[in-house]
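Chemist: Using the UniProt record's numbering, the first residue of the sequence shown is number 1, and each one after it goes up by one. The following block contains the structure, expressed as structure tokens.
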Amino acid sequence: MMRRRYVWPLSPRRPRSPSSVCSSSSDLSSRSLSGNHHCNAEDNMTDVGTAAISDNVHEVTPWECNASQFSGNIVKELVEFSYKELFTAANGFSIANKICECNLGAVYYAELRGEKAAIKKMEMRASREFIAELKFLMHVHHLNMVRLVGYCTEGSLFLVYEYIENGNLHQHLHESGRDALPWSVRVQIALDSARCLEYIHEYTIPVYVHRYINPTNILIDKNFHAKVAGFGLVKGLTEVGNESLPNWLVGTYGYIPPEYVIFGDISTKVDVYAFGVVLYELISAKAAVVKEAFLTKSMELVALFEDALGQPDPEEHLQKLVDPRLGRNFPIDSVHKMALLAKACMQANPQLRPSMRSIVVALMKLSATSGDLDIGSY
């Protein structure tokens with residue numbers, strides 16, 4: 001099922017201080033924001049053709065990347081495929097090869113030069129998203145980030161990725177017929193995803209904000225580790241605290257923080273907020289906006305958890321929100337800690353939300369089942 005991307009016009013902008021749109025000074029102290037080692041994904045997006053793409057991309061015929069490069073974590077150069085080759089590899093982009101629908105296109109399974117691949121076929125009107133994702137994934141690589149193999153601009157826009165065997169997190173949590181993910185796997189998926197976001201928030205130049213974190217963009221590999229995808233809306237904060245404001249807000253309803261909806265404030269804490277919603281989904285397997293039989297109208301998942309956490313005995317009420325497919329096969333104290341972490345991620349004041357670095361540390365402790373989750377240390 002396709003997840004809808006909502007777009008809103010901005011409300012009148014209020015005066016902002018630099019602190020309202022960036023991480024706390026302590027989070028920024030270890031960053032070097034000078035230089036330009038990574039390509040800004042929003043530069044020169046007017047053209048769709050090869051001229052708009054970095055010189056590191058070139059046509060390779062026959063394919064110069066061997067199998068080990070194709071399966072590795074970093075590819076220095078991308079392949080410019082022909083439409084004919086992609087058409088053949090994806091069985092004519094048949095329904096049988098379609099993996100899922102996505103915004104502005106669809107993803108297809110392909111067997112390409114002896115390797116499994118996933119091809120995202122995008123509409124021509126998605127040129128901005130196409131170029132942003134292409135340029136970003138050319139220069140930024142991480143073990144928990146989906147890897148781009150190549151591209152094509154003939155007829156439509158195509159991005160070719162490594163094939164991730166187990167689909168996406170949304171399918172595992174919300175589609176019928178799937179086995180329940182064990183609790184330990186859910187914690188690991190959260191940790192893997194957090195590590196990817198920590199990397200683009202803390203260690204790249206410029207710092208990036210994903211802006212589209214949700215379970216559909218968290219892929220699950222054959223070992224049930226997570227890889228983050230969906231970088232078409234990625235934004236580089238080239239000058240933290242003074243970044244340009246977009247004319248439209250983009251994202252998925254239920255995952256967007258109030259400061260972004262109301263004022264258009266963009267910071268890494270936008271991703272932190274969305275990640276908190278994903279944590280609640282990992283616990284409950286409920287959608288970000290839920291409709292229950294006992295409710296007269298739709299209710300945000302966040303509100304259900306806040307109500308449970310506000311009770312005198314929160315663990316008793318949290319048990320009612322845990323994915324019923326887990327039965328009793330989960331440690332309620334671990335669920336409680338993850339719920340508290342999610343709540344911290346969604347504080348109204350973005351400066352009070354933890355950094356992804358702190359979230360990674362907290363989830364590492366949770367994964368190791370040792371040490372208490374110290375919310376106060378954020």
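All residues carry an ideal CB built from backbone N, CA and C; glycine is no exception.
Could you tell me the alpha carbon to alpha carbon distance between F87 and K365, rounded to whole angstroms?
Modeler: In the sequence shown, the residue the question calls residue 87 occupies position 87. In the sequence shown, the residue the question calls residue 365 occupies position 365. Their Cα atoms are separated by approximately 46 Å.
Chemist: On the three-state DSSP scale, how would you describe M124?
Modeler: As a first step, residue 124 must be located in the sequence shown, where it is residue number 124. M124 falls in the helix class under three-state DSSP.
Chemist: Does any heavy atom of the ligand NAP sit closer than 8 Å to the C-beta of V140?
Modeler: With respect to small molecules bound, the structure shown includes none, and the ligand NAP cannot be examined in it.
Chemist: So what's F263 in DSSP terms, helix, strand or just coil?
Modeler: On the sequence shown, position 263 is the one that residue 263 refers to. Three-state DSSP puts F263 in a helix.
Chemist: Out of W183, Q311, A274 and I213, point me to the one whose CA is closest to L326's CA.
Modeler: Taking the sequence shown and counting its residues from 1, one reaches residue 326 at position 326. Ranking W183, Q311, A274 and I213 by Cα distance to L326 puts W183 first.
Chemist: So V302 and V322 are supposed to be a Cβ contact under 8 Å. How far apart are they, rounded?
Modeler: On the sequence shown, residue 302 is found 302 positions in, with the first residue counted as 1. On the sequence shown, residue 322 is found 322 positions in, with the first residue counted as 1. Not really, about 16 Å apart at Cβ, beyond 8 Å.
Chemist: Report buried or exposed for M346, applying the criterion of at least 16 other Cβ atoms within 10 angstroms of its Cβ.
Modeler: Here residue 346 is taken as the residue at index 346 of the sequence shown, counted from 1. M346 is buried by the Cβ-count criterion.
Chemist: What span of residues does the alpha helix (DSSP H) with E281 cover, start to end?
Modeler: As a position in the sequence shown, residue 281 is number 281, starting the count at 1. Counting along the chain, the alpha helix (DSSP H) containing E281 begins and ends at K269 to S284.
Chemist: Going straight from the alpha carbon of E133 to that of N91, what length do you get?
Modeler: Taking the sequence shown and counting its residues from 1, one reaches residue 133 at position 133. Taking the sequence shown and counting its residues from 1, one reaches residue 91 at position 91. Their backbone Cα atoms lie some 25 Å apart in a straight line.
Chemist: Do you know offhand how far L137's Cα is from Q311's?
Modeler: The residue you call residue 137 lines up with position 137 of the sequence shown. The residue you call residue 311 lines up with position 311 of the sequence shown. Taking the straight line joining both Cα atoms gives about 44 Å.
Chemist: Buried or exposed: where does S176 fall if 16 or more other Cβ atoms within 10 Å of its Cβ makes it buried?
Modeler: Mapped onto the sequence shown, residue 176 falls at position 176. It counts as exposed.
Chemist: Grouping DSSP H, G and I as helix and E and B as strand, with all else coil, what is K365?
Modeler: Counted from its first residue, the sequence shown places residue 365 at position 365. Helix at K365.
Chemist: Grab me the residues of K222's own chain with a C-beta within less than 7 Å of its C-beta, minus the 5 sequence neighbours each way, in chain order.
Modeler: Indexing the sequence shown from 1 puts residue 222 at position 222. If we look at K222 and ignore the five residues flanking it on each side, its Cβ neighbours are E165 and N166.
Chemist: Is the separation between the beta-carbon of E115 and that of Y163 shorter than 9 Å?
Modeler: By 1-based counting over the sequence shown, the position of residue 115 is 115. By 1-based counting over the sequence shown, the position of residue 163 is 163. Result yes, Cβ atoms of E115 and Y163 sit closer than 9 Å.
Chemist: Can you pull the DSSP bridge partners for C102?
Modeler: In the sequence shown, residue 102 corresponds to position 102, counting from 1. Answer is G105, bridged to C102.
Chemist: Looking only at its chain, what residues have a beta carbon closer than 6 Å to the beta carbon of R100, apart from the 5 residues adjacent to it on each side?
Modeler: On the sequence shown, position 100 is the one that residue 100 refers to. The question names Arg, yet the displayed sequence has Cys at residue 100. Excluding sequence neighbours, C100 sits near V107.
Chemist: Distance, Cα to Cα, K320 vs V289?
Modeler: As a working note, residue 320 is residue 320 in the sequence shown. As a working note, residue 289 is residue 289 in the sequence shown. The alpha-carbon atoms of K320 and V289 are separated by roughly 17 Å.
Chemist: Apart from the five residues on each side of it in sequence, which residues of its chain come closer than 8 Å, Cβ to Cβ, to F158?
Modeler: Working through the sequence shown from its first residue, we reach residue 158 at position 158. Once the five neighbours on either side are set aside, the close Cβ partners of F158 are F81, Y83, L86, I119, K120, K121, M122, Y151 and C152.
Chemist: Inspect the beta-carbon positions of V140 and Y208 and report whether they are closer than 9 Å.
Modeler: Taking the first residue of the sequence shown as 1, we reach residue 140 at position 140. Taking the first residue of the sequence shown as 1, we reach residue 208 at position 208. Yes, they are a contact pair.
Chemist: Pop quiz: H174 and A308 are said to be a contact at Cβ under 8 Å. What is the actual Cβ separation, rounded to whole angstroms?
Modeler: Counting from one through the sequence shown, the residue named residue 174 turns up at place 174. Counting from one through the sequence shown, the residue named residue 308 turns up at place 308. The Cβ separation is near 20 Å, so there is no contact.
Chemist: Let me know the secondary structure DSSP gives K84 once reduced to three states.
Modeler: Numbered from its first residue, the sequence shown carries residue 84 at position 84. Reduced to three states, the DSSP call for K84 is helix.
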